[in-house]
Amino acid sequence: MISQLVILWTDALVFLLMLVAILFGIYASRKMHLRRPWRQVVRSRVGMGTLVVLGFYLAIALLDSIHFRPVLEDSAGGNGTTQSAEVISLFDELVSGLRKRQEKTYSAPLAVQLYAKENIELPDGSVMRDYPRLRYGGAHLENPESEWSSDILKLSGFGILKGLLVSFITANILIMLLAVRKSRSYGDEARSILKGHSEIPWRVTFLVLACMLVLVFWSAELSSKYHLLGTDKVGEDVFYQALKSIRTGLLIGTLTTLVMLPAAILLGIMAGYFRGWVDDVIQYTYTTLNSIPGVLLIAAAILMLQIYMSNHADEFNSLVERADLRLLFLCVILGVTSWTGLCRLLRGEALKLREMDYVQAATAFGVSHLQIITRHILPNVLHIVLIAVVLDFSGLVLAEAVLSYVNIGVDPTMNSWGNMINSARLEMAREPIVWWSLAAAMIFMFTLVLSANLLSDVVRDAFDPRLRSNR
Amino acid sequence: MTAYIIRRILYAIPILLGVNILTFVLFFVVNSPDDMARMNLGAKRVSPEAVENWKRERGYDLPLLYNQSATGTGQFTDTIFFQKSLKLFRFDFGSSDSGRDIGYDISQRMWPSLAIALPVLMVGLLLNITFALLIAFFRATYIDFWGVVLCVVMMSISGLFYIIGGQYLISKLMHLVPISGYDTGLGSIKFLILPVIVGVIGGIGAGTRWYRTLFLEEINKDYVRTARAKGLSETRVLFRHVLKNAMIPILTGVVVVLPLLFMGSLITESFFGIPGLGSYTIDAINRQDFAIVRAMVFLGSVLYILGLIMTDISYTIVDPRVRLS
Amino acid sequence: MTDTLLRVQGLKTRLGDDTNPVRAVDGVDLDIRRGETFALLGESGCGKSMTALSLMRLLPPSGRIVDGQAFLGETSLFELAEMDMRRERGGRMGMIFQEPMTSLNAVRTIGDQIGESVSFHDPENRGRVSSRVLELLKSVGIPDPERRLNEYPHQLSGGMKQRVMIAIALAGKPELLIADEPTTALDVTIQAQVLALLKGLQKRTGMAILLITHDLGVVSAVADRVAVMYAGQVIEQASTKHFIGTPAHPYSRKLFQSLPDSRKRGQRLTVIDGAVPKLTQQFNQCRFLERCDKALKICAQVEPPWQSIRTGEGMRCHLEVAETTEGEDQSDQADERPRFTGSNEVLLETRGLKVHFPIRQGVFKRVVGAVKAVDGIDLVIAPGHTLALVGESGCGKTTVGKSILQLIPPTEGSVRFEGAELTRLSRGSMRRRRSDMQIIFQDPVASMNPRMLVGDIIAEGMQAQGIGGNAKQRWTRVLELLDHVGLSEEAADLYPNEFSGGQRQRICIARALAVDPRFIVCDEPTSALDVSVQAQILNLLLDLQEERSITYLFITHNISVVAYLAHEVAVMYLGRIVERGTVEEVLDAPLHPYTQALLSAVPTIDSDTGREITRLEGDMPSPANPPAGCHFHPRCPRAVDACRKAYPETTHLSETRQVSCFEVGEE
């Protein structure tokens, strides 16, 4: 199983982003003004609930961001091994069952047969037109008609039980840890949590955690024998596609921000702080960029990339790398179209801050511009940046779907909810319709975006002093 | 005021020039006229003559930015940049790579775009304000709480879902209106109903929530306390005082997008088969027709700047405090 | 009593959630008679405004009345249905607020906003709303009311807006007008106008006024009776005459003693130590206990009951009236500090200092004019002395301070500090000079970065100037400075928002002191603070001057502070200095009509100052378009033709004294 690690551009950036986030967390934990709003976030029920859900998404995305070339057992010699040309991720390895069990074409969720009738050659040589059995889905059943429902029930029950058990154990370990930290007895701690008296809403957290774990184990159990969400046109498992799309969605939502933040912060503060010609140049730049319709700018840029890639096809080792570069490029260009809003916001704030008495006081001490910016301006706009990042996230995830639909999104070979919806559009016209690809993409996307939106509400309430005073 | 508008219009020129240079550079940095010709002529192996022919017919046989062989101002005017990009300033859009007159296409296709975008905006505005006022009136109650939750849920659903769901439910299951297509005149109404409904519903979540925030921000201001101290009822305070103040950001937010309505919506138009500028753009993107993309970028920029100027002017109309200078 | 208009009994109002509520009003009893002016006096956060809002039933969403009753005439206000309460609100009881700038609806006309009240509360005049509005505008003394009718609030000055607010309240023909700090946001000359207007209207309509204020001077000038609030309770109630002469409660007494004025020059002001207790607690001792130096054992055990002194007068204290005054040195001490008679030494000198902000217009934003914020200022300050720069808001006094420190580059003129011309210094050498001169701002909240620790804030100047040794030595110095301004060492590790206003201002002073300046611009350092806290800061500033002979440019609009601590005074009007002299010369015998008006507009607690009352009409013109001739002539009661033609030359009466007025020049 030793294999060659492949670090894609986006993988590197994702882990860089994680590093930045962790460093920021350490920095924030030392600063009271940043720690207090976060404390408010984790003390809200919605905040903790959504954080748990987002945690699951993040875990999948991170697992899906460790790529390598698997080692293939040399079938002929037995002792020699070769590197596969295919690049897969740790996540693929974990769910290799899902990835490898490919059917012939469409099949409905949990079905045992294909969705369309085919000519089947019977053992006696005659040909019959019927729904053929799936190669993998429910293949263990001798007699699907009678066994199917009880088998599904059995698997479901088993999965739910497993999920409940794991969540029970996790919750108890957490309660024990909490009790030790607060040096109270286990019983007291458990009682206060169950009654909802704890400061951090652990009761809700455990509830959401349990729901998620039950879902995870239930789906794992079912998809070990069936295609939980059916298969698509080429027989690929839709559940697997939807899971793989998580990484794409999260990446678009976060990397875009990472790309645009330095420019937005630097230029915005410079424009507001220095005013004069610096301000004029920066304002001109973002007005110009802003006046180009975003979709068209993205379209033009993606078109150019496509042309470049087709002209230099030999520079890319694999399809995965190619798709990855396109994803990165999409993040960059999305960043270019979206930094202007934050930049303008920060410019306005910097204009206000530079007139504040404390900045004047610093000037009266002869403090240099650079120090005034880093010590007085930047810390006082950080909450705006944070709110903008969280607010942008869900919009970007939704935008990916739309862009992929117009063929200017991620690479068509890449798993993404946009691509799933795009292909499902044609399937809607089939009779009877194939609805599961669309539904799967929608549900996965909706869960992510809703969690992000709810969390961003909580974060904004906690960080925006203006909103707080309104309450 | 006049001086202000003139200044803004003058300021638009360098911006549009910047837009042109940007799109031009973006396109020709990886692409050459030869590549374009080969792509348009289809096959991989095209004779050099055919390429030259194609370039000459469409005016791509000139140098990009600087013509050494020409004399005088011709060194700058006999270039692709001048011929193709700067002529846009005269709203001379030229012809598309497939040979059609872009200006004519735009003038034909902007009306269907407008026929969808305008009703969506107006109906949406009306509904959003009504819902937001309702929620604001019942602030800090369960109606407020669940109203906001509903808004967040609605805005978390992808716009694509509203379209696909709407088409499936209303057209395919209930057979109320056609799935897609377009007609001229009054006949277009039956094609427009569904896209408009879908557009409005898709915008309700975000719109209502945003307007609610505006209303609540106003409600906490001092002048509202004064109005209450006069003995006015809560509804009167809301309608006579809060609404009028909150309408300032709402209206100016609407004005800025008004000109852009002509550009249409890419997604809605292509889903519903409406021959508007949105679907025109999408087709151009998919055909990689640079001339159309360039024209649409320019048009979009002009409309955006127009929207900004109109916003400033509308401030002076609705807000007595603002005077332009 | 039949002439009682408003009777409040046991009013309790709470804010915030139920688990830890703020007891903003905690058992208030009041009786207001018809036609009288009743003042509710107290420092910020003591529950005055909440009392008023409770009466109007206009509390913020988190506020609620938990106990008590209020009767307006026979009507029980708290038992009315909301519908009926609306008839009273704006009808029999009107209210005006502290901030006239934000209290009017910016997008509706004046006439519209007054008319709304007329048509709702005045059924007789419903048919002739606009003419009734005109009457109202006239009655509140708004000039040219026909034109104002269709104007928007932003076209009016602060004083005019407050008059419009009064007109709105008058529309319902109120029997009771609640005025919540109606003049706090206004300049003294405008304050005098508004107070006079209120008194005049009261005389005409016979309405009662509940005046909420923190200003003892205002109380003395207009109130008939006064109730002092402290930490949610009324602790003393008396007629103004008795109250001003002999306040009974220890808190009231201290309040008076902490007021600065000329007779206290050279003495330390009495300060009230500590702070108002948190209102989240349940009290079972005297609320003033911790700050009272006459406290008895019983004060810590039992909450003091109401003690009646005369009819309608009393206090909430365990002590007898005679006891509260015991042990106080009643005699005024002699002026210990030598009088300032001029000095040959010069620390700072400005010549023709001008700061103009250009006004741009037209297509190419050409400069078409300038806001002449500072328009030719000559100042000389001797080392170790205090020059007070006095003037109303918008006269350019803050700009003078900032342009001396080169925080705003002067347009013209010279600023010499110890002989060095600051306006011509390079950026680098100016930066090195900055440790010599510092500034203290008005708003202690805005003048400290909320994201920095107090220790870092104080050390910032030393760090930037490269003084104070290494980081560790600097930190030691920070702790010394904190100790010096009366704060504990732990303060260095806290953030600014954990301190009260007075404490923050101390931190700001410590920050300025860190670089050992010889000259400090104090830009209204006490105007955002309560009286008792102001005394602490003034004491500190004077101590520092004595210890280190620091020179102050003290920018203020508060005349009694000037009288208390300044050596010299310069009076500014519209970017220019109209009169200058030693504090005795200017305050005791003002020569310029503006100075005279300014001084007489200040309400004082001494009823007989012997000054002739000069009441100014109108507002200060805009510095973008100052009147031709003498800037003051449109408002001057003694203006002659010459005043309209040219700006008067400066007349030097003595080495220290100069006046810019034709009247003085002729003599």
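Protein chains in written order, with my numbering: chain C, 426 to 896; chain F, 26 to 350; chain X, 650 to 1316.
The C-beta atom is built at its ideal place from N, Cα and C for all residues, glycine as well.
Out of curiosity, what's the CA-to-CA distance linking residue i and residue j?
i: Arg-312/F; j: Val-1012/X; result: 43 Å
i: Ile-1026/X; j: Trp-1124/X; result: 40 Å
i: Ala-775/C; j: Met-180/F; result: 31 Å
i: Thr-960/X; j: Glu-1266/X; result: 40 Å
i: Arg-32/F; j: Thr-277/F; result: 20 Å
i: Met-867/C; j: Ile-182/F; result: 8 Å
i: Asn-832/C; j: Ile-625/C; result: 45 Å
i: Leu-194/F; j: Tyr-540/C; result: 22 Å
i: Leu-217/F; j: Leu-730/C; result: 36 Å
i: Ile-798/C; j: Tyr-698/C; result: 8 Å
Please classify residue i: does DSSP put it in a helix, a strand, or coil?
i: Thr-656/C; result: strand
i: Gly-659/X; result: strand
i: Phe-49/F; result: helix
i: Ile-1169/X; result: strand
i: Pro-1007/X; result: strand
i: Tyr-879/X; result: strand
i: Ala-1219/X; result: strand
i: Asn-1207/X; result: coil
i: Asn-799/X; result: coil
i: Ile-212/F; result: Correcting the residue type first, residue 212/F is Gly in the shown sequence and not Ile. DSSP places Gly-212/F in helix when its eight states are reduced to three.
i: Tyr-340/F; result: helix
i: Glu-998/X; result: strand
i: Met-650/X; result: Caution is warranted here: a pLDDT of 46 is assigned to Met-650/X, below 50, making its placement in the model unreliable, and no coordinate value can be reported.
i: His-200/F; result: coil
Does the Cβ of residue i have 16 or more other Cβ atoms within 10 Å, making it buried, or fewer, making it exposed?
i: Gln-950/X; result: exposed
i: Arg-553/C; result: Going by the sequence as given, residue 553/C is Met instead of Arg. When all chains shown are included, Met-553/C counts as exposed.
i: Trp-861/C; result: buried
i: Asp-1024/X; result: buried
i: Gln-1091/X; result: buried
i: Ile-545/C; result: exposed
i: His-492/C; result: buried
i: Tyr-386/C; result: Any property of residue 386/C remains undetermined from this structure, which presents chain C solely from 426 to 896.
i: Phe-170/F; result: exposed
Identify which residue in the options has its Cα closest to the Cα of residue i.
i: Val-706/C; options: Val-659/C, Leu-692/C, Gly-719/C and Pro-718/C; result: Leu-692/C
i: Val-657/X; options: Val-1210/X, Gly-665/X and Leu-704/X; result: Leu-704/X
i: Glu-572/C; options: Trp-764/C, Ala-536/C and Asp-886/C; result: Ala-536/C
i: Asn-840/C; options: Leu-580/C, Asp-517/C and Arg-464/C; result: Asp-517/C
i: Asp-1179/X; options: Ser-1149/X, Gly-743/X and Arg-1126/X; result: Ser-1149/X
i: Thr-862/X; options: Leu-1190/X, Gly-1230/X, Ala-872/X and Ile-1088/X; result: Ala-872/X
Run through chain X and tell me which residues come within less than 7 Å of residue i, C-beta to C-beta.
i: Val-792/C; result: Glu-1109 and Ala-1113
i: Thr-788/C; result: Leu-1056
Which residues in chain X have a C-beta closer than 9 Å to the C-beta of residue i? List them in chain order.
i: His-801/C; result: Asn-1098, Arg-1100 and Met-1101
At 8 Å on the CB atoms, spell out the chain X contacts of residue i, in chain order.
i: Leu-257/F; result: Arg-735, Gly-739, Glu-765 and Phe-769
i: Arg-250/F; result: Leu-707, Phe-746 and Ser-752
By the criterion of Cβ-Cβ separation under 9 Å, what are the contact partners of residue i in chain C?
i: Ala-1095/X; result: Met-781, Asp-782 and Tyr-783
I want to verify the contact list: residues of chain D whose CB lies under 8 Å from the CB of residue i, in sequence order.
i: Met-867/C; result: No chain D appears in the structure shown, which is made up of the protein chains C, F and X.
Listing by chain order, which chain F residues have their CB less than 8 Å from the CB of residue i?
i: Phe-781/X; result: The amino acid occupying residue 781/X in the given sequence is Arg; Phe does not appear at that position. Result: empty, since nearest Cβ-Cβ is about 15 Å, beyond 8 Å.
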